[in-house]
Structures are given as structure tokens and as C-alpha cells.
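> Heads up, the sequence shown is in this note's numbering, so the first residue is 5 and it goes up one at a time.
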Amino acid sequence: MSRIWAGIDCGKTHHHCVAMDADGKTLLSRRVANDEPELLQLLGDVLDTSDGREVTWALDMTGGEPGLLIAVLINHLQELLYIPGRMVNRASDAYRGEGKTDARDARIIADQARMRRDLRPIRPGDEATIELALLTSRRIDLVAERTRTINRLRSVLTSMFPALERAVELTNAGPLVLLTGYQTPAALRRIGLSRLTTWLRNRKVRGAENLAKAAVEAAERQHTAVAGEKVIAQMVHTLAREVMALNEKIAGTEKLIEGRFREHELAEIVLSMPGMGPKLGAEFLVAVGGSLDAFSTADRLAAFGGVAPAPHDSGKTSGNLRRPQRYHRRLQHDFYTSALVSSWSDPNSKRFYDRKRAEGKSHIQAVLALARRRVNVLWALIRDRRCYQVEPPATAC
5 MSRIWAGIDC
15 GKTHHHCVAM
25 DADGKTLLSR
35 RVANDEPELL
45 QLLGDVLDTS
55 DGREVTWALD
65 MTGGEPGLLI
75 AVLINHLQEL
85 LYIPGRMVNR
95 ASDAYRGEGK
105 TDARDARIIA
115 DQARMRRDLR
125 PIRPGDEATI
135 ELALLTSRRI
145 DLVAERTRTI
155 NRLRSVLTSM
165 FPALERAVEL
175 TNAGPLVLLT
185 GYQTPAALRR
195 IGLSRLTTWL
205 RNRKVRGAEN
215 LAKAAVEAAE
225 RQHTAVAGEK
235 VIAQMVHTLA
245 REVMALNEKI
255 AGTEKLIEGR
265 FREHELAEIV
275 LSMPGMGPKL
285 GAEFLVAVGG
295 SLDAFSTADR
305 LAAFGGVAPA
315 PHDSGKTSGN
325 LRRPQRYHRR
335 LQHDFYTSAL
345 VSSWSDPNSK
355 RFYDRKRAEG
365 KSHIQAVLAL
375 ARRRVNVLWA
385 LIRDRRCYQV
395 EPPATAC
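1. Just checking my contact of A171 with A219 at CB under 8 Å: how many whole Å lie between their CB atoms?
2. Considering only their Cβ atoms, is the gap separating A291 from V379 smaller than 8 Å?
3. In this structure, how does DSSP classify Y357 when only helix, strand and coil are distinguished?
4. Quick one: what does DSSP say A400 is sitting in, helix, strand or coil?
5. Grab the span of the beta strand (DSSP E) containing M24 for me, first residue to last.
6. Nearest to G309 by CA position, among R334, A298, M239, is which residue?
7. Looking only at DSSP bridge pairs, what is G2 linked to?
8. Quick one: Cα of F288 to Cα of F299, how far?
9. Among the residues of its own chain, which have a CB less than 7 Å from the CB of H18, if the five just before and after it don't count?
10. Whose C-alpha, out of A110, G211, M164, L73, is nearest the C-alpha of A231?
11. If you reduce the DSSP assignment to three classes, tell me which class T30 lands in.
12. Within its chain, find whatever has a CB closer than 6 Å to the CB of R389; leave out the 5 residues flanking it on each side and keep chain order.
13. Look at the alpha carbon of R199 and the alpha carbon of L174, and state the distance between them as a whole number of angstroms.
14. Here's the rule: buried if 16 or more other CB atoms are within 10 angstroms of the residue's CB, otherwise exposed. What is S366?
15. Can you give me the C-alpha to C-alpha distance between L183 and R210, rounded to a whole angstrom?
16. State yes or no: is the C-beta of M24 within less than 8 Å of the C-beta of I8?
17. According to DSSP, R124 sits in a beta bridge with which residue or residues?
18. Suppose only complete runs of 3+ residues qualify. What are the beta strand (DSSP E) ranges in the region 104-166, listed by chain order?
19. Taking 8 Å as the cut-off, does the region 189-198 touch the region 125-136 (at least 3 CB pairs, one atom from each stretch)?
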């Protein structure tokens, strides 16, 4: 059956749609507001233009700004394809003209969808996967903000009291509690070791005595007050409070992630894999869309996750492999981290890792090889709907 292609360059307030037929002739080009009545009108006009032909929609984003657009199209049973923005940018060099407009980008998207057969479909996600996507994205933002705040805290504390910054680890809860009460060398010397230990214990700080000892010793090494010490101490107090608040938000978000993840039908299978906890498991489900329907083989999943090397042959050179350039960064992080943990805790993974190291592979190469092997196992477990076992099940003769 003949078909037309509708490419959409997605934006925050407006989208631009270009529809073309099999010969590349433009049938419709329109800028529409990111509003349901406008989107429904666009859908109706494209379907009218198709004259009964099948319509394939192609978008350069899969979530966020075009969320309403995707929901409208999916609710009306339209076929959607995803073409990454990076692919659109590279393809634009092959088209005439150097200008960049939303209309031109939308036409390139439609034309690429017309010619290519390797674009991933955009499928409707189940409610659990959508919620996990929101929660994991929120956690990533909170962790990034915590890292920025800790770095600011380190910088400010170093400008006033470098010995204390060296003596304590600001990613731990105890030093943060300490900084909410005492920030300057003089204040720590006044309270002394015994009273500071009691103060920390009353606030349920683990290792209170060792932390108090390290702080007082740092205070004894600095008897000079820097300019602006009072204001700096207030900033240290405020930043320490902010980090503690972020820790509470992250912990609360992680509880929500774990609770929602365990309700998913694949949670038990994913958790059975050594090294895959609730956070990594949730990120895995989000990356693959809640199922492996889009990955007909384990090789495709490995390539998508960036743990399968890409061939880089030229001329007489063959068999040359290199790190892939296009892959899901977060999914690769999940595969690598879980493989690293399993190399310590799972006997099968440890044997495989030790064998790769004995072959001369570096630590990172051995972990990546293990991650690649584990993708095969995880894909097969999900396909067969069974959990991981240290000893593989016996096969019938």
C-alpha cells in the first residue's frame, strides 16, 4: 500500500510538520502550536491529504516537549518513528542550502523517514514505565544538584578552613551535621573534643568520636582567621543544610523508584541478575521502554546499550573494532556498573572477568566484555520469563 511521511521538528511552544509522498513531493508544510486543538487539526489535515494512504510520522524527540503530540498520535493509532537529532544534523549536510529553519529540519526528518528502514518505532509506554522515567529523571537531577552543591561547599570551606576540608569527607552525613553547628577553627577549639563528641552523638552521627577528633586536630593546625570569616561560616552552614535537604529528597525519590519498580512484571527477573538493584533496574526498564519488543536479538540490545564494539575497517585493514559513537549513555552506565558489581559477588561473573584479565585485557576492557556477556543472559531471561541461577538449569537430552 502506498504511504506518506510526516516529519515533525519538535519545539517547546510550536512544532513544524512537513508531509511528503513516496516521490518526495511536499503535500503539507505547517507550523502548529503545542496545544491539543491545533494538534488534532494537524492530524486531520494530514490524514485528509493522504487520500487513504498509510501515514508514518517521524519525530526528532521522544519525550518532554512533544509529550502531548506523541499522546495524541498514539491515541489515534498512528505509526511513529524516532530519528535522533544528531542524525538529522548529519543528514542536513546532504541537502541543498546552508540555512537552518524548522521547516527545513521537518522536511529532512520526513525525507529520512521515507528512505531509511533502520529507525526505531515510538511505542506507547505502560504506566509503570512512564512513572519510572519521571522518577529516575528526577533522581538524576537531584544527584547532579547535590554534586554541584557539595563542590561549592568544598570551595567555600577551603577558602576559610582548608585543614577541615581535607580532614572530612563532605559526601558523608556526619561532616555535614558538624558543619551545621561549627564551621570555624576557633569555634571547634572552644567546644573541645569531649563536648563535640557528645554533641555529635546526640545527633546520632556514626563514628562521632573519630569525626570530632579529626575536626579538633584540624582546628589546632589553624589559628589564623581569614578575612570575611563570619560570612563564609554562614555560607558553609547554609550549603551544608542544602546538601542534607538534597540527601533527604534523593532518599525519598529512591524509595518511590524502588516501590514502583517492584510492581513491574519484569522486576523479579531483572533483580535476579547479580549487580542489578532497584535503581539500575528501573533505569534499564526506562531505557528499553518497559519491554524488549524493540530488540529482536541480544546483539541489538547490546549495540543500543553501547557494550558491543563497532567495526572500523578500511582498505586492507579488517577486523578493527572501536568504541561505538551512537548508543544510550545511561543504559551503558547501567550495564557497566552492574557488571562491575557482579564481578565481585557472582562466581560466574568473577570467573569470566578473571579469564579476560588473564588474556591481557585491562580492567575496563574486562568489565565491558563481562557486560556484553551479561546482556545475552539478561535478554534470554526476559525472553524465557525466568530468573537468573548461578548454576544453569539442566537441559533435557
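Glycine included, C-beta positions come from ideal geometry on N, C-alpha and C.
This is what the structure holds:
1. Here the question's residue 171 lines up with position 167 in the sequence shown. Here the question's residue 219 lines up with position 215 in the sequence shown. The pair is a contact, with the Cβ atoms about 7 Å apart (cut-off 8 Å).
2. Numbered from its first residue, the sequence shown carries residue 379 at position 375. Numbered from its first residue, the sequence shown carries residue 291 at position 287. Their beta carbons are not under 8 Å apart, which means V379 does not touch A291 by this criterion.
3. Here the question's residue 357 lines up with position 353 in the sequence shown. Correct three-state label for Y357: helix.
4. One-based indexing of the sequence shown puts residue 400 at position 396. Because the pLDDT of A400 is 49, which lies under 50, any placement of that residue in the model is unreliable, and the question is left without a value.
5. Taking the first residue of the sequence shown as 1, we reach residue 24 at position 20. Looking at the DSSP string, the run of the beta strand (DSSP E) that includes M24 is 18-24.
6. Working through the sequence shown from its first residue, we reach residue 309 at position 305. Of R334, A298, M239, the residue nearest in Cα terms is R334.
7. Not covered by the structure: residue 2. The range shown for the chain is 5 to 401.
8. Walking along the sequence shown from the start, residue 288 turns up at place 284. Walking along the sequence shown from the start, residue 299 turns up at place 295. So the alpha carbons of these two residues sit roughly 13 Å apart.
9. The sequence position of residue 18 within the sequence shown is 14, counting from 1. Result list for H18: R35, V36, A37, N38, in chain order.
10. Within the sequence shown, the letter at position 227 stands for residue 231. Considering only alpha carbons, the answer is M164.
11. For the purposes of this step, residue 30 is taken as residue 26 along the sequence shown, with counting starting at 1. Strand at T30.
12. Against the sequence shown, residue 389 aligns to sequence position 385. Around R389: no qualifying Cβ.
13. As a first step, residue 199 must be located in the sequence shown, where it is residue number 195. As a first step, residue 174 must be located in the sequence shown, where it is residue number 170. Those two C-alpha atoms are separated by around 22 Å.
14. Position 362 of the sequence shown, counted from the first residue, corresponds to residue 366. With fewer than 16 Cβ atoms within 10 Å of its Cβ, S366 is classed as exposed.
15. As a position in the sequence shown, residue 183 is number 179, starting the count at 1. As a position in the sequence shown, residue 210 is number 206, starting the count at 1. If you take the alpha carbons of L183 and R210, they lie about 15 Å apart.
16. Working through the sequence shown from its first residue, we reach residue 24 at position 20. Working through the sequence shown from its first residue, we reach residue 8 at position 4. Contact: yes.
17. Stepping through the sequence shown from its first residue, residue 124 is reached at position 120. R124 is bridged to Y86.
18. none
19. no
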